[in-house]
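Taken in order, these protein sequences are the chains called A and B.
Mapping the first sequence onto numbering that gives the first Met the number 0, position 186 (from 1) lands on 185, and the numbers just tick up by one.
Mapping the second sequence onto numbering that gives the first Met the number 0, position 161 (from 1) lands on 160, and the numbers just tick up by one.
The beta-carbon is built from N, C-alpha and C at its ideal position, and this holds for glycine as well.
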Amino acid sequence: MNHRTSTLFALFIAALWAWWELDLKFVDLFPTKGGAQIARDFFSAAWRPAIDYQSEFVPQGAPPFLWIVLQGMLRTIYFATAAMTLAVVVGVPLSALGSRLVPSWVRIPVRILVGGMRSVHELLWAIFFLAAIGFNSGAAVIALAIPYAGTLAKIGAEMLDETSDRAYHAMRGLGTGKLMAFIAGLLPQATPDLAGYAFYRFECAIRSSAVLGFFGYETAGYYLKSSFENLHYQEVWTWLYAFVLLVLFLEAWSGQLRRRFVA
Amino acid sequence: MQSVSLQRGDTKVFQDFNLQVQHGEQVALVGPSGAGKTSLLRMMAGGIPSESGDILHGDASFASATPKELRSLRARVGFIHQDHALVPNLRVCSNIVAGRFGRQGLLQALRALIAPTQETRLEVLQLLDQVGIGDKMYHRVDRLSGGEQQRVAIVRALFQKPDALLADEPVASVDPERARDVIGLLTKVAQEYNLTLVVSLHDIALAREFFPRVVGLRQGKIMFDAAPLDLQEGQLQELYSIQNK
Numbered sequence: 000m001n002h003r004t005s006t007l008f009a010l011f012i013a014a015l016w017a018w019w020e021l022d023l024k025f026v027d028l029f030p031t032k033g034g035a036q037i038a039r040d041f042f043s044a045a046w047r048p049a050i051d052y053q054s055e056f057v058p059q060g061a062p063p064f065l066w067i068v069l070q071g072m073l074r075t076i077y078f079a080t081a082a083m084t085l086a087v088v089v090g091v092p093l094s095a096l097g098s099r100l101v102p103s104w105v106r107i108p109v110r111i112l113v114g115g116m117r118s119v120h121e122l123l124w125a126i127f128f129l130a131a132i133g134f135n136s137g138a139a140v141i142a143l144a145i146p147y148a149g150t151l152a153k154i155g156a157e158m159l160d161e162t163s164d165r166a167y168h169a170m171r172g173l174g175t176g177k178l179m180a181f182i183a184g185l186l187p188q189a190t191p192d193l194a195g196y197a198f199y200r201f202e203c204a205i206r207s208s209a210v211l212g213f214f215g216y217e218t219a220g221y222y223l224k225s226s227f228e229n230l231h232y233q234e235v236w237t238w239l240y241a242f243v244l245l246v247l248f249l250e251a252w253s254g255q256l257r258r259r260f261v262a
Numbered sequence: 000m001q002s003v004s005l006q007r008g009d010t011k012v013f014q015d016f017n018l019q020v021q022h023g024e025q026v027a028l029v030g031p032s033g034a035g036k037t038s039l040l041r042m043m044a045g046g047i048p049s050e051s052g053d054i055l056h057g058d059a060s061f062a063s064a065t066p067k068e069l070r071s072l073r074a075r076v077g078f079i080h081q082d083h084a085l086v087p088n089l090r091v092c093s094n095i096v097a098g099r100f101g102r103q104g105l106l107q108a109l110r111a112l113i114a115p116t117q118e119t120r121l122e123v124l125q126l127l128d129q130v131g132i133g134d135k136m137y138h139r140v141d142r143l144s145g146g147e148q149q150r151v152a153i154v155r156a157l158f159q160k161p162d163a164l165l166a167d168e169p170v171a172s173v174d175p176e177r178a179r180d181v182i183g184l185l186t187k188v189a190q191e192y193n194l195t196l197v198v199s200l201h202d203i204a205l206a207r208e209f210f211p212r213v214v215g216l217r218q219g220k221i222m223f224d225a226a227p228l229d230l231q232e233g234q235l236q237e238l239y240s241i242q243n244k
């Protein structure tokens, strides 16, 4: 058995084992009768997204539903922006310290730290910081920022390692200090890729920020969850469409910015 | 260079090597690939330390220099790399101001990179004008032709205000006509600024045409060190043919 066949065989055995451990049956992959009805209700609401509250009992003076959608989306963006800013401020220096330009006694501890930061999911960090700091915006922002800074640092270090270091070494040869040679000789060349990746991570941060709503923060996820629990599927679809629009807008915007960086 | 030795891996590149270059002198280093021309230039610039012996720059010694002194010594030697070693997606002006980073503190260097003073910009412009690309000051380097990029590399070295200018195969990948222009330009600016100039070259004809002193190097040894008129054809044939043995 050659290496490729044995790897495929091992993967097949692992898959079988997982199914057996989870007691999965093929029929479990299809909805139950009640579940099918919920799915039908949910998907049929896709054509009729809500433009007003679905509930008949709306408190007097409550702002219009679409206003709430706008506010929820904005709060989602605020959390993502604050977290991503912190992630860039922490992640870019860490990516430099984790690159091969730095001696191994610095690089290896930094890479271990970065590994630790990114191996714990943002929602788990959120649980930890909610307990440690309490329910405030700071806890959510830090929870998002830690794994994002870690991922940015890891990918950033790899990008820096792949960047041509000719200009860096030429500057060092003129007597330029390491930090300045890094800032002027290496960073500008890696910036388009780093910026492109940071924009992609910002899109991810928007999604994570929405999910923070499940912890009680008033981002899109908070309203989405309550609409879903109240079986207000048309409202759910309004949130989902607003979310898709936001992500598409960000993608177009970041694409434009990336082109400007590269041009 | 006094009794300099250098080993790379298992190969002895130089052993007990001596070479003296006077201030303001223009020297061409010729020899086949692997002769040690690049290593010699890099040692002269303080880029690689010799294992024994010393390299003196005026009265200053590379061997006994502290790290700080070494930085300041390096800042006195301009180096033009074969592949220019410029930052491709930065503007010409930003690449040139980097020439002086070795003499500047971090904040001063950052300022020169991000927002150079009017005085700096004028100085850069004058140098660019001198090499005929004054209109390219705010162009991105990767939008320039190979010849223009080479001029940017020369201006970066001049902006450094060095005492000596070292160039490693500056015409290795350009056509013969442009090669003459580049070497002509290098020797002209070196003369104007009273700089010592040491250039490694493959093209022996260029070396003889432009340089008053030609040093032939093979396997880390000086085969000849003479004025072009004193060079014998036999010496040149020996320099290149022995390598094929």
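Would you list the residues sitting across from residue i in a DSSP beta bridge?
| i | result |
| --- | --- |
| B/F223 | B/G215 |
| B/V197 | B/V26, B/L165 |
| B/H56 | B/A59 |
| B/I79 | B/A166 |
| B/S4 | B/S51 |
| B/R139 | B/R90 |
Quick check on residue i: does DSSP put it in helix, strand or coil?
| i | result |
| --- | --- |
| B/N243 | For B/N243, the predicted model reports a pLDDT of 46, less than 50, meaning its position is unreliable; a value from the coordinates is still stated below. Helix at B/N243. |
| A/F248 | helix |
| A/T4 | helix |
| B/A62 | coil |
| B/T116 | coil |
| B/D128 | helix |
| B/F13 | strand |
| A/L23 | coil |
| B/R90 | strand |
| A/Q53 | coil |
| B/F100 | helix |
| B/L69 | helix |
| B/L105 | helix |
| B/G46 | coil |
| A/P108 | helix |
| B/D202 | coil |
| B/S144 | coil |
| B/K160 | coil |
| A/T31 | coil |
| B/D134 | helix |
| A/T218 | coil |
| A/Y232 | helix |
| B/D229 | helix |
| B/P175 | helix |
| A/V243 | helix |
| B/V151 | helix |
Could you round the C-beta distance between residue i and residue j to whole angstroms and report it? I think they count as a contact, below 8 Å.
| i | j | result |
| --- | --- | --- |
| B/G101 | B/R73 | 6 Å |
| B/S38 | B/N17 | That belief does not hold up - the Cβ atoms of B/S38 and B/N17 are roughly 15 Å apart, past 8 Å. |
| B/F223 | B/I182 | That pair is no contact at about 20 Å. |
| A/E193 | A/M158 | It should be noted that the sequence gives Leu, not Glu, for residue 193 of chain A. Indeed, because the Cβ distance is near 6 Å, the residues count as touching under 8 Å. |
| A/T155 | A/S253 | Note that residue 155 of chain A corresponds to Gly in the displayed sequence, not to Thr. With 8 Å as the limit, A/G155 and A/S253 do not qualify as a contact, their Cβ atoms being about 17 Å apart. |
| A/A219 | A/T75 | 5 Å |
| B/K11 | B/G219 | 7 Å |
| B/T186 | B/G23 | That belief does not hold up - the Cβ atoms of B/T186 and B/G23 are roughly 12 Å apart, past 8 Å. |
| B/V76 | B/P161 | 6 Å |
| B/L114 | B/V96 | Reading off the sequence shown, one finds Ala at residue 114 of chain B, where the question assumed Leu. At roughly 10 Å, the Cβ-Cβ gap does not stay under 8 Å, so B/A114 and B/V96 are not in contact. |
| B/A166 | B/I79 | 4 Å |
Closer than 7 Å: is that where the CB of residue i sits relative to any heavy atom of the ligand PLP?
| i | result |
| --- | --- |
| B/R142 | In the structure on display, the ligand PLP does not appear, and there are no ligands present to speak of. |
Requested in this report: Starting from the N-terminal side, write out each stretch of the alpha helix (DSSP H) that is 4 residues or longer and does not extend beyond the stretch 111-190 of chain A.
Outcome: Here the runs fully enclosed are 121-132, 136-161, 165-172, 177-180.
*Residues of the stretch 0-31 of chain B with a CB closer than 7 Å to any CB of chain A: list them in chain order, please.*
Closer than 7 Å at the C-beta level to chain A, one finds no residue of the stretch 0-31 of chain B.
Exercise. If contact means a Cβ-Cβ distance below 9 Å, which residues of the stretch 54-78 of chain B contact chain A?
Worked result: Legend: CB atoms of the stretch 54-78 of chain B lying less than 9 Å from CB atoms of chain A belong to residues L69, R70, S71, L72, R73, A74, R75, V76, G77, F78.
Review point. What are the residues of the stretch 165-188 of chain A that lie near chain B, defined by any Cβ-Cβ distance shorter than 8 Å?
Key: Within the stretch 165-188 of chain A, the residues whose Cβ lies closer than 8 Å to some Cβ of chain B are R165, A166, H168, A169, M170, G172, L173, G174, T175, G176, L178, M179, A180, I182, A183, G184, P187, Q188, listed in chain order.
field: Entirely enclosed alpha helix (DSSP H) segments - the stretch 36-103 of chain A, minimum 4 residues
entry: Fully contained in the stretch 36-103 of chain A are the following alpha helix (DSSP H) runs of length 4 or more, in chain order: 64-96.
Going along the stretch 160-180 of chain B in order, which residues come within less than 7 Å of chain A, judged by CB to CB distance? From the stretch 160-180 of chain B, no residue has a Cβ closer than 7 Å to chain A.
Can you list, in chain order, the residues of the stretch 98-114 of chain B whose Cβ is nearer than 9 Å to any Cβ on chain A?
Residues of the stretch 98-114 of chain B with a Cβ closer than 9 Å to any Cβ of chain A, in chain order: G98, R99, F100, G101, R102, Q103, G104, L105, A108, L109, L112.
Q: With 9 Å as the limit, tell me which residues of the stretch 203-232 of chain B have their beta carbon closer than that to any beta carbon of chain A; keep them in chain order.
A: Residues of the stretch 203-232 of chain B whose Cβ lies closer than 9 Å to any Cβ of chain A: none.
task = Could you name the residues of the stretch 35-56 of chain B whose beta carbon sits closer than 9 Å to any beta carbon of chain A, in the order they occur along the chain?
result = Those residues of the stretch 35-56 of chain B that come within reach of chain A (Cβ to Cβ, closer than 9 Å) are R41, A44, G45, G46.
Short of 9 Å Cβ to Cβ, which residues in the stretch 79-95 of chain B face chain A? Taking 9 Å as the Cβ-Cβ cut-off against chain A, the residues of the stretch 79-95 of chain B that qualify are H80, D82, H83, A84, L85, V86, P87, N88, L89, S93, N94.
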